[in-house]
Amino acid sequence: MEELIIQINDDFNLNKISNSGQCFRWGECSHDTYRIIAGADCLYITVLDNECYKLECTEDKYNSFWREYFDLQENYQVIRKRIDQEKDHFLWEAAEYEKGIRILRQDPWETLITFIISQNRNIPGIRKSVELLAETCGEKRLDSRGLEYYTFPSPATVQSLSEKELSDCRLGYRCKYVHAAAQAVTAGDFDLNRLLYTDHTDAVAALTALSGVGVKVANCVSLFGLHHTDAFPIDVWMKRILAEHYPDGYPYERYTPYNGIYQQYMFAYYRHKEKRYI
DNA sequence: AGGCAGGCTTTTA
DNA sequence: TAAAAGCCTGCC
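Using the numbering used here, the first residue of the first sequence is number 1053, and each one after it goes up by one.
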């Protein structure tokens, strides 16, 4: 088995990332090991001492895929230190508590489908549907420990599914949204990768043109799938946070271009305080 | 025109 | 039974 030890001298907490609600195919194997499925790849990662981690992959695979996936070229300590403890105590406290969250660089297509599925559902339900979709039409592979996993299916593969096959993934009324998105991407009517190079406002405008993609889901895709770190998803929890802690308006300008990263700290922290882990 | 009520699949707690 | 990282349609 290929193994690699890396040291990460920055905020990086697997448990925080896993619980942050941006990824739905992370599995906790033990208190210190996670199995991560992303796109067509699977990785076991184990926490060691002194900011060191053991990755069950080759150095080439780390350099070509996982390093970028974890967004390791970005310095989150620097981003976190921009918060003024006096001016914005709630955000400061949230960031201190949720230190270790990073915005993963997930695949745009996988992120789009995942967040269409996410609407009006809790996290266990989202995980289940994503897994069923992968099992239905993803590719079966073996991970580094010889266990099976399913890759996330391509747009063409999802587009080829029947109504019943999608329905059996427990997608409910979202079936037609998932199918339409797969259709648009497969036909070339919708160029997701182009949106990697626009700003988040343009990306949100393009994404909301898709049926079943509203402003909230579009901002999630922009943030988690296109890595537009200024995207700021507002769901029911963020509405509560804004009403409770920013009754006179939220200072977006102060935090550009990292509004989305700060949003993640607040979202996770607030849910933690409300004891809503799922 | 733009805001709002009601409906939607299914799971989870 | 209500709520869940919502969105669409139809009505006013």
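Here a beta-carbon is modelled for each residue, glycine too, at the ideal position from N, C-alpha and C.
Rounded separation between residue i and residue j - CA only
i, j, result
"A1270", "I1097", "30 Å"
"G1190", "A1092", "9 Å"
"L1100", "A1261", "45 Å"
"L1194", "T1110", "16 Å"
"E1108", "F1242", "36 Å"
"V1210", "A1234", "6 Å"
"Y1302", "V1182", "33 Å"
"Y1149", "K1113", "32 Å"
"R1306", "L1213", "46 Å"
"A1331", "C1104", "Residue 1331 is absent from the model: the chain starts at 1053 and stops at 1330."
"G1224", "E1138", "46 Å"
"K1192", "Y1201", "6 Å"
Own chain residues within Cβ distance below 7 Å of residue i, not counting five before or after
i, result
"P1205", "L1185, A1186, C1189, G1190"
"F1117", "D1093"
"A1146", "Y1317, M1318, Y1321"
"I1330", "With a pLDDT of only 46 at I1330, under 50, the local geometry of the prediction cannot be trusted, and the value read off the model is given with reservation. Result list for I1330: N1174, I1175, P1176, in chain order."
"I1293", "M1318, Y1322"
"Y1121", "A1090, L1156, R1157"
"D1287", "K1268"
"N1061", "E1103"
Integer-rounded CB distance, given that residue j should sit under 8 Å from residue i
i, j, result
"V1331", "T1203", "No statement about residue 1331 is possible, as the shown extent of the chain runs from 1053 to 1330 and does not include it."
"W1161", "L1244", "6 Å"
"S1072", "Q1316", "6 Å"
"Y1310", "T1281", "5 Å"
"K1180", "R1226", "Actually they are not in contact, since the Cβ atoms of K1180 and R1226 sit about 13 Å apart, beyond 8 Å."
"L1156", "Q1059", "With a Cβ gap of about 19 Å, L1156 and Q1059 do not count as contacting."
"D1063", "K1133", "Not a contact, Cβ separation roughly 10 Å."
"L1143", "Y1304", "About 12 Å; that fails the 8 Å criterion."
"S1196", "M1053", "5 Å"
Boundaries (first-last residue) of the beta strand (DSSP E) holding residue i
i, result
"S1082", "1078-1082"
"L1056", "1056-1059"
Own chain residues within Cβ distance below 6 Å of residue i, not counting five before or after
i, result
"A1283", "H1252, N1271, S1274, L1275, G1312"
"R1361", "Here the chain comprises residues numbered 1053 to 1330, so residue 1361 is not present and cannot be evaluated."
"R1087", "G1079, C1081, Y1096"
"G1264", "I1168, Y1229"
Where the alpha helix (DSSP H) through residue i begins and ends
i, result
"I1069", "1066-1070"
"A1258", "1252-1259"
Distance cut-off 7 Å: residue i Cβ against heavy atoms of the ligand MN
i, result
"T1098", "Among the components of this structure there are no ligands whatsoever, and the ligand MN is therefore not found."
Contacting residues, own chain, Cβ-Cβ under 8 Å from residue i (five flanking each side not counted)
i, result
"T1085", "Y1096, I1097, T1098, V1099"
- Write down every uninterrupted run of the beta strand (DSSP E) in the stretch 1086-1166 whose length is 3 residues or greater and which is fully enclosed by it, in chain order. Assignment of beta strand (DSSP E) within the stretch 1086-1166, counting only whole runs of 3 or more residues, yields 1093-1099, 1104-1107 in chain order.
- Which runs of the alpha helix (DSSP H) fall wholly inside the stretch 1162-1232 and span at least 4 residues, in chain order? 1175-1189, 1207-1211, 1215-1219, all fully within the stretch 1162-1232.
- Item | 4-residue-minimum alpha helix (DSSP H) runs that sit fully inside the stretch 1273-1322, ordered along the chain | With a minimum length of 4 residues, the continuous alpha helix (DSSP H) runs that stay inside the stretch 1273-1322 are 1288-1297, 1304-1307.
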